[in-house]
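S.K.:
Protein chains: 2
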Amino acid sequence: MQDTKMDQRVQLFIETCRRRQLKITPQRVGIYRVLIQSKRHPTADLVFKTVKKEFPNISFDTVNRTLSTFAEIGVVDVVETFGGPKRFDPDITDHHHLHCMACGRIIDFEYEGYARLEVPKAIATTFKVISRRVVLKGLCDTCTAKQQMF
Amino acid sequence: MQDTKMDQRVQLFIETCRRRQLKITPQRVGIYRVLIQSKRHPTADLVFKTVKKEFPNISFDTVNRTLSTFAEIGVVDVVETFGGPKRFDPDITDHHHLHCMACGRIIDFEYEGYARLEVPKAIATTFKVISRRVVLKGLCDTCTAKQQMF
DNA sequence: TTGACAAATAGGAATGAATCCTATTTAAGA
DNA sequence: TCTTAAATAGGATTCATTCCTATTTGTCAA
Chain S
14 MQDTKMDQRV QLFIETCRRR QLKITPQRVG IYRVLIQSKR HPTADLVFKT VKKEFPNISF
74 DTVNRTLSTF AEIGVVDVVE TFGGPKRFDP DITDHHHLHC MACGRIIDFE YEGYARLEVP
134 KAIATTFKVI SRRVVLKGLC DTCTAKQQMF
Chain Y
14 MQDTKMDQRV QLFIETCRRR QLKITPQRVG IYRVLIQSKR HPTADLVFKT VKKEFPNISF
74 DTVNRTLSTF AEIGVVDVVE TFGGPKRFDP DITDHHHLHC MACGRIIDFE YEGYARLEVP
134 KAIATTFKVI SRRVVLKGLC DTCTAKQQMF
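Chains as they are written, first to last, in the numbering used here: chain S, 14 to 163; chain Y, 14 to 163.
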């Protein structure tokens, strides 16, 4: 990500915090920066280890609590998983996910064909939909290649 | 579920175990019976508590290990979640999920419109798709009603 | 039917993830 | 500045899951 693009996102993030009356702490900004630079839907622990380079005595609890706060105010998403630790996604725009069952990688994709996954009427009346996503389980290219070696 | 329908499913389950050279133990059958009668995508702990009524000294480890085995041989699915304990789904036919963010309920639904969620070509070439599902996040009717009380 | 053996189980210990607790620090408005 | 509520660090605790090992039990072949 370009520096200017990143600064823009950080600026928007700060405005969101203000709107929600959340204090702008260096830790929060640091965690947010780590998040938007991540490409792998990181766990709290991974964010912790990364942000620790800049803030050597930040605590895990701060990182974890902050990630929950971010999810509450909508600046990140908690991603669907199949067990294991929570994973976070700084991309809150509409997109879909491939899950590799072998290596656990989550790959983002967009697709016109799913653009307006309309919600069945019978459901729209009894359930208030907030977000929609297609989740594909399978094997990524790397893992498929590995399997064929046996 | 009707008894005959259930016996049929148990019979199929037993055949699958044999095919995979898994021993048919009373615990496994008991756990499978609990699963196919569950409507709530139960956690290992809930299955454990339920099956304990019939097998008072079954261990949690047995239940948990067995559920993993079942997932491996494909007789149950591990369901996508947003953190928290693993949840299991005895319905392995194609269907979709609503997740209530307030109470955690997962509601199954089927929909013609999603019938053949075709996989984008660009993806089909690099990723081997095993299953596909639409995941809708939102609020169920009960929880929507509760929120409006405030 | 019986005996042998690998597989499965029970129960407890160990690990990992997330949350809670509390004393201390700090952002932000007066 | 000064004040105060919010946020943090660090450790303790809880909950979920996996690991370990002695014992039991399906299954298959004789």
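By construction, the Cβ of each residue, glycine as well, lies at the ideal position given by its N, Cα and C atoms.
For Y:D154, decide whether its Cβ has a neighbour in chain S, counting only Cβ atoms nearer than 9 Å.
M.R.: Indexing the second sequence from 1 puts residue 154 of chain Y at position 141. It does; some Cβ of chain S falls within 9 Å.
S.K.: Can you give the beta carbon distance from S:G96 to Y:V76, rounded, assuming they're within the 8 Å contact cut?
M.R.: On the first sequence, position 83 is the one that residue 96 of chain S refers to. On the second sequence, position 63 is the one that residue 76 of chain Y refers to. So it is not a contact: roughly 15 Å between Cβ atoms.
S.K.: Please name the residue in S:T94, S:T82 and S:A135 whose C-alpha comes closest to that of S:K36.
M.R.: Indexing the first sequence from 1 puts residue 36 of chain S at position 23. Closest by alpha carbon: S:T82.
S.K.: Please identify, using Cβ separations under 7 Å, the residues of the region 134–161 of chain Y that lie next to chain S, in order along the chain.
M.R.: Within the region 134–161 of chain Y, the residues whose Cβ lies closer than 7 Å to some Cβ of chain S are I136, T139, F140, K141, V142, I143, S144, R145, R146, V147, V148, L149, K150, G151, L152, C153, D154 and T157, listed in chain order.
S.K.: Helix, strand or coil for S:K134 per DSSP?
M.R.: Here residue 134 of chain S refers to the residue found at position 121 of the first sequence. It is helical.
S.K.: What's the C-alpha gap between Y:C113 and Y:L152?
M.R.: Against the second sequence, residue 113 of chain Y aligns to sequence position 100. Against the second sequence, residue 152 of chain Y aligns to sequence position 139. Whole-angstrom Cα-Cα distance: 5 Å.
S.K.: With three or more C-beta pairs closer than 8 Å as the rule, is the region 114–122 of chain S touching the region 113–124 of chain Y?
M.R.: No contact exists between the region 113–124 of chain Y and the region 114–122 of chain S.
S.K.: Please name the residue in Y:V148, Y:C30, Y:S144 and Y:T79 whose C-alpha comes closest to that of S:V132.
M.R.: Here residue 132 of chain S corresponds to residue number 119 of the first sequence, with the count starting at 1. S:V132 has its Cα closest to that of Y:V148, out of Y:V148, Y:C30, Y:S144 and Y:T79.
S.K.: S:Y45 versus chain Y: which residues are under 8 Å apart at the beta carbon?
M.R.: On the first sequence, position 32 is the one that residue 45 of chain S refers to. Within 8 Å Cβ-Cβ: nothing; S:Y45 doesn't reach chain Y, min ~20 Å.
S.K.: Under 9 Å, Cβ to Cβ, is there at least one residue of chain S near Y:T106?
M.R.: For this step, residue 106 of chain Y is matched to residue 93 along the second sequence. Not one chain S Cβ lies under 9 Å of Y:T106.
S.K.: Please identify the residue among Y:A135, Y:H108 and Y:T139 whose C-alpha is closest to the C-alpha of Y:Y127.
M.R.: The residue labelled residue 127 of chain Y in the question sits at position 114 within the second sequence. Of the listed residues, the one whose Cα sits closest to Y:Y127 is Y:H108.
S.K.: From what residue to what residue does the alpha helix (DSSP H) around S:G43 run?
M.R.: Position 30 of the first sequence, counted from the first residue, corresponds to residue 43 of chain S. Unbroken alpha helix (DSSP H) run through S:G43: P39 to Q50.
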